[in-house]
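If you read the sequence shown in the numbering used here, its first letter stands for residue 4, the second for the next number, and so on. Idealized CB from N, CA, C, for every residue including glycine. Beneath this line is the structure, given in structure tokens, with notes to follow.
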Amino acid sequence: MLRSLRILTLTGLVLAVSACGGKQKGNSNAPGGGGGGDDRTTRLNDARNETLIGLANEDLAVGKHAKARQRAEDALAIDKNNPDAYAVIGAADFRAGNFESSSNAYREALEIKPDHYGALIGLAGNLQAEGKHDEALVMAEKAGSDATQMWPKVRQLSSLYALADFDKAQPVVDAIFKFEVEKTILPVIQLKQTFVNAFAGKGPMIQVEGAKGSSDLQIDTATGFKHIGAAVGGEFKRAILFEVREEARVDAGLAKQLKLPSLGKVKLVGQEAELDLVLIPEIKIGEMTIKNIPAIAEDLSAYAGIGEVPGLVLGRQFMQRFGAITFNFPEGSSEFVVAPPAAKPNGSFEAPFILIDALTVLIPVTKTQLDDSDHAFYTWFGGVFLASSTSVSRRAYLKSGHLPRELEELD
């Protein structure tokens, strides 16, 4: 396993931070408000609702998402138009990995109360997980109408960073540091600030010329890395396509060979060495040219398991510039197109990703079911775990109606 993936142990912590979306102390929009009428029954119902939602939020804070959801459902039984209850369900379902239900619950809350802070922040996070950054920005900007809150700006920064729109990201990241940034996310915000400041004002990033490009495709069965051939500064190099990373990497030796000037220095989370930030003028994939790729110059020998040291590791900022990327493993070919196809190619299957935020990496998972089981769960296909295989949790496997011994190497 690569040293840089040790940060995966922080996944649970980050999910807890990103799912709550609560306002900061002193500016509470705590669930349980609202209600009307002067009769005793109405007042009692309002009090019960407030108590249930308060307890549900306490449950969420300590990871009891099932209990929190039940309390929210009890609150809806009292008042079916309680936006706070829907927001709690949205957060609870997010913790349980039910992203569709979570988003639906947040939308229900916003139908009732369009400016509901928790629902706006929660839905923005879910949309980011689905790669729908333009929609996420709309939600974050609405939540940001309260200038005293930091999390809308964190959401905005995440989407602008993913879209490599560093000119717009620069004032947002500067605004974040006017707040007391939580220790759990401070190193990541600092890293993004360094990256943003280095490339802001350098023109549009990751500009694609040409409608279609194609290359070969290889996969290393020991690590799960997919890699293609690409031309970088006239040099033909292997380029790993790695959804787990956001920023691109260029091998430090290749950056020196191409005489790419350093635009800044950055320390990656958990590492002491300072690395150069560089702008790759262009990458060619078949007939397609991609210009102005921001990248970190790093020794990529840790990826040499593919058979050689790759020239590039291309992450989500690069990959999401395309309408579709087709990996044809049987034929060993890959295709990149700008416009999304009207229908998927023959013999292929679509794998929509949900990106689980683990601070310095994004884990791409796909909704999966075993046989005819009604129980769905999320799976990371491939990756960097021993032999490249599907990782299935014991709990998901048991719920599918199978026995653990039926599958080797359960996580």
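| message | Runs of 4 residues minimum, wholly inside the region 76-112: which ones carry the alpha helix (DSSP H) assignment? | response | 86-98
| request: Answer yes or no: the CB of S336 versus the heavy atoms of the ligand FAD, is any distance below 7 angstroms? | output: Although the ligand FAD was asked about, the structure shown includes no ligands whatsoever.
| field | Buried/exposed call for G237, threshold 16 Cβ in 10 Å | value | exposed
| Neighbourhood of K145 by C-beta, 6 angstroms cutoff - its chain only, sequence neighbours within 5 removed | L123
| Straight-line Cα distance separating F169 from N200 | 8 angstroms
| task | Leaving out five residues on either side along the sequence, give the residues of the same chain with a beta carbon under 7 angstroms from the beta carbon of P190. | result | V272
| Spatially closest choice to T329 from G350, E311, G310, G314, by CA coordinates | G350
| request: Whole angstroms is fine: what's the gap from I188's alpha carbon to Y164's? | output: 15 angstroms
| said: On the CB-based measure, 16 or more other CB atoms within 10 Å of its CB, does T382 come out buried or exposed? | reply: buried
| query | Just the Cα atoms here: how many angstroms apart are F388 and K116? | reply | Low confidence applies to F388: its pLDDT is 44, below 50, so where it sits in the model is not reliable enough to give any reading.
| message | Output needed for A99: all residues of its chain with C-beta closer than 6 angstroms, excluding positions within five of it in sequence on either side, in chain order. | response | H68
| query | Mind checking T43: buried by the 16 CB within 10 Å criterion, or exposed? | reply | It is worth fixing the name first, because residue 43 is Arg in this sequence and not Thr. By the neighbour-count rule (16 or more Cβ atoms within 10 Å), R43 is not buried but exposed.
| query | Roughly how many whole angstroms lie between the Cα atoms of K259 and I296? | reply | 16 angstroms
| message | Rounded to whole angstroms, what is the Cα-Cα separation between A132 and S106? | response | 11 angstroms
| message | Taking the beta strand (DSSP E) that F339 belongs to, which residues open and close that run? | response | 336-340
| request: Provide the residue span of the beta strand (DSSP E) that contains A242, from first to last. | output: 238-244
| message | In the DSSP output, what is E212 paired with across the bridge? | response | T292
| In three-state terms, what does DSSP make of L8? | Interpretation of L8 is limited by its pLDDT of 35, a score under 50 that renders its predicted location unreliable; the figure taken from the coordinates is listed afterwards. Three-state result, L8: helix.
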